[in-house]
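Q:
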Amino acid sequence: MAKLKHVLVISFPAQGHVIPLLKLSHCIADHGVKVTFVNAEFIHAQVMAANPGLDNESHRIKFVAIPDGLISYEERKDPIKMLDSMSRVMPGHLQELIEKVKQSNGIEDEQISFLIADVMVGWALEVAERMGIQRATFCAPSVSGVVLALHIPKLIEGGVIDNNGFVLKNDLIRISKDLRSYKSSDLVWSCPEDPATQKAIFKCLSSAAHYSKFSNLVLCNSFHELEASAFSAIPGALAIGPLIASAQLFQCRGSLRKEDSTCLNWLDQHPALSVIYVAFGSTTVFGPEQFYEIAYGLEQATQPFLWVIRPDITDGAVSEFLDGFLQRVRNYGKVVQWAPQEEVLAHPSVACFFTHCGWNSTLEGLSNGVPLLCRPYFTDQFLNKSLICDVWKVGLGVDSDENGLISRHEVREKVSAVLGSDEIRANCLRVKEMARKSISEGGSSLKNLQSFIELVKA
Ligand SMILES: O=c1ccn([C@@H]2O[C@H](COP(=O)(O)OP(=O)(O)O[C@H]3O[C@H](CO)[C@@H](O)[C@H](O)[C@H]3O)[C@@H](O)[C@H]2O)c(=O)[nH]1
1 MAKLKHVLVI SFPAQGHVIP LLKLSHCIAD HGVKVTFVNA EFIHAQVMAA NPGLDNESHR
61 IKFVAIPDGL ISYEERKDPI KMLDSMSRVM PGHLQELIEK VKQSNGIEDE QISFLIADVM
121 VGWALEVAER MGIQRATFCA PSVSGVVLAL HIPKLIEGGV IDNNGFVLKN DLIRISKDLR
181 SYKSSDLVWS CPEDPATQKA IFKCLSSAAH YSKFSNLVLC NSFHELEASA FSAIPGALAI
241 GPLIASAQLF QCRGSLRKED STCLNWLDQH PALSVIYVAF GSTTVFGPEQ FYEIAYGLEQ
301 ATQPFLWVIR PDITDGAVSE FLDGFLQRVR NYGKVVQWAP QEEVLAHPSV ACFFTHCGWN
361 STLEGLSNGV PLLCRPYFTD QFLNKSLICD VWKVGLGVDS DENGLISRHE VREKVSAVLG
421 SDEIRANCLR VKEMARKSIS EGGSSLKNLQ SFIELVKA
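One point on numbering: in UniProt numbering, the residue at position 290 of the sequence shown is 290, and numbering is uninterrupted.
In structure tokens, the structure reads:
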């Protein structure tokens with residue numbers, strides 16, 4: 001009888017990483033391969049609490065938690081402390097976990113035969129190599145972004161950036177002649193408002209360049225037709241995206257918060273292409289002033305809108321303002337704390353998506369042919385905005401004024417411009433078609449995914 005294969009998948013502890021890796025895990029489990037999904041303890045607890053449906057998956061995917069070496073929320077808020085602790089403490093726990101599986105089962109069928117590690121936890125690849133386990137890297141961000149991370153040593157050597165990732169020259173950045181030049185604002189570790197976080201993320205991405213030597217297979221949540229030249233700049237890169245949630249997975253995609261599905265009924269009550277969907281991912285934080293401007297902009301656009309306002313989206317109290325705002329827009333605005341985003345974006349009434357340009361949100365928008373309004377917050381989101389607005393031309397930037405704020409006027413103007421652009425809508429439909437093709441029977445990403453699964457099963 002053929003042996004049952006067992007794959008261990010380890011995620012970086014953040015929303016934008018858990019969701020796509022869980023989708024990949026489901027694809028693998030669909031082919032009869034056993035999957036163990038490893039998270040840091042604190043994020044494991046959140047995933048389990050928000051997705052009760054995942055318990056039913058336990059026969060296909062086993063969810064396991066390992067400590068990250070930190071105790072409190074306060075400690076984890078410091079990105080330097082957190083990334084440092086993770087890379088010191090988690091490799092040992094991972095090794096122990098793999099050894100425990102071996103000892104407790106003693107059955108050859110149960111041995112972990114393959115490890116897939118998020119590019120931000122590259123140390124897991126080193127553990128796997130030491131233990132003689134086959135392995136692959138998984139990239140949650142765009143391939144164009146990963147290219148930059150993998151070229152960090154070259155960028156330092158060339159005097160483009162310093163040892164902490166800060167730009168030394170404001171020129172266009174050329175990695176190779178076949179690749180489109182990057183702007184200095186595209187650097188994927190950019191955190192304009194927080195140099196300490198920038199340093200921490202830069203250090204983590206620099207280690208991705210180091211750990212890349214432990215794996216010669218790089219699974220990318222993108223499709224070849226979207227980022228062809230970037231794919232050619234990463235040896236071993238395999239396009240397997242866009243990873244999208246199947247209908248059965250909608251309710252348990254690995255959200256860290258409970259999804260509020262009442263917004264789907266609300267969307268049902270609106271005509272096709274009428275609603276502005278507004279969501280800025282899991283980490284964006286606004287000052288109250290910026291928050292008010294966006295709110296006034298939406299209010300004045302007088303177009304129906306659905307806005308995801310996480311309880312921690314502002315760094316100051318806005319509840320009093322919000323009460324009045326909700327009262328004023330009650331006939332055309334709906335607010336939720338967390339939406340079932342993929343279902344929302346697939347809904348016919350959604351006309352455009354005002355987004356922070358996280359890579360998952362970007363892909364989800366593209367896969368549904370929804371025009372994008374871009375207000376990046378940090379890291380790869382600036383590069384994604386450039387790709388959206390300048391390369392694929394499927395959206396518009398919502399830009400800051402001289403005070404660094406996007407004004408209500410700007411919000412109103414750009415909503416109206418994106419909704420009125422036939423060119424953008426036509427480009428969206430073209431990219432949507434490409435995305436669908438790539439994951440349909442015979443499509444480039446589906447073929448790659450199938451051959452990867454064959455490799456895992458071999
Ligand atoms: O109300 C909401 C809002 C978001 N989502 C989902 O949450 C995910 C968010 O992912 P993403 O759009 O990538 O944003 P972040 O959570 O901010 O992701 C982090 O990880 C990404 C992948 O590396 C990076 O591109 C981002 O910059 C980084 O902030 C997506 O799948 C959304 O569908 C929901 O389900 N409901």
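Ideal placement from N, C-alpha and C gives every residue a C-beta, glycine not left out.
1. Please determine whether the Cβ atom of residue 340 lies at a distance below 7 Å from any heavy atom of ligand 1.
2. Kindly indicate which residue of 127, 116, 31 and 17 has the alpha-carbon position closest to the one of residue 453.
3. I'd like to know whether the C-beta atoms of residue 377 and residue 280 end up nearer to each other than 8 Å.
4. What do you reckon, are the CB atoms on residue 226 and residue 138 nearer than 8 Å?
5. Determine the extent of the alpha helix (DSSP H) in which residue 422 is found, giving its start and end residues.
6. Among the candidates 181, 259 and 231, whose CA atom is the shortest distance from the CA of residue 390?
7. Whole angstroms are fine: how far does the CA of residue 39 sit from the CA of residue 115?
8. Does the stretch 307-323 come into contact with the stretch 289-296, if we say contact requires no fewer than three beta-carbon pairs (one atom in each stretch) closer than 8 Å?
9. Where in the stretch 68-150 do unbroken runs of the beta strand (DSSP E), each at least 3 residues long, occur, reported from the N-terminal end onward?
10. Cβ-heavy atom distance between residue 358 and ligand 1 below 7 Å?
11. For residue 161, does the three-state DSSP call read helix, strand or coil?
12. For residue 435, I'd like the list of residues in its chain whose CB is within less than 7 Å of its CB, leaving aside the five on either flank, ordered along the chain.
13. Who does residue 239 pair with in a DSSP beta bridge?
14. Is residue 137 near ligand 1, in the sense that its beta carbon is under 7 Å from a heavy atom of that ligand?
15. Within this structure, are the beta carbons of residue 188 and residue 380 separated by less than 8 Å?
16. Quick one: Cα of residue 86 to Cα of residue 171, how far?
17. Counting along the chain, where does the beta strand (DSSP E) carrying residue 277 start and finish?
18. Can you name, in chain order, every residue of its own chain whose Cβ lies under 6 Å from the Cβ of residue 62, other than the five neighbours on each side?
19. Grab the span of the beta strand (DSSP E) containing residue 354 for me, first residue to last.
20. Suppose only complete runs of 4+ residues qualify. What are the alpha helix (DSSP H) ranges in the stretch 313-401, listed by chain order?
21. What are the residues that DSSP puts in a beta bridge with residue 167?
22. Rank 257, 457 and 190 by C-alpha distance to the C-alpha of residue 15 and give the top, closest one.
23. Answer yes or no: do residue 419 and residue 339 have a C-beta to C-beta separation smaller than 8 Å?
24. Are the CB atoms of residue 275 and residue 305 within a distance shorter than 8 Å?
25. What three-state label does DSSP hand residue 47 in the structure shown?
26. Answer yes or no: the CB of residue 283 versus the heavy atoms of ligand 1, is any distance below 7 Å?
27. List the whole-angstrom C-beta distance separating residue 415 from residue 406, where the pair is believed to meet the contact cut-off of C-beta under 8 Å.
28. Considering only their Cβ atoms, is the gap separating residue 315 from residue 287 smaller than 8 Å?
29. In whole angstroms, give me the CA-to-CA distance for residue 214 and residue 11.
30. Is the stretch 121-137 close to the stretch 152-161, with three or more CB pairs under 8 Å?
31. For the beta strand (DSSP E) containing residue 61, name the first residue and the last one.
A: This is what the structure holds:
1. yes
2. 31
3. yes
4. no
5. 422-438
6. 181
7. 13 Å
8. yes
9. 114-118 and 134-139
10. yes
11. strand
12. 223, 242, 366 and 367
13. 220
14. no
15. yes
16. 35 Å
17. 275-279
18. 36
19. 350-355
20. 319-328, 341-345, 359-367 and 381-386
21. 161
22. 257
23. no
24. yes
25. helix
26. yes
27. In fact, because the Cβ distance is near 12 Å, the residues do not count as touching under 8 Å.
28. yes
29. 17 Å
30. no
31. 61-66
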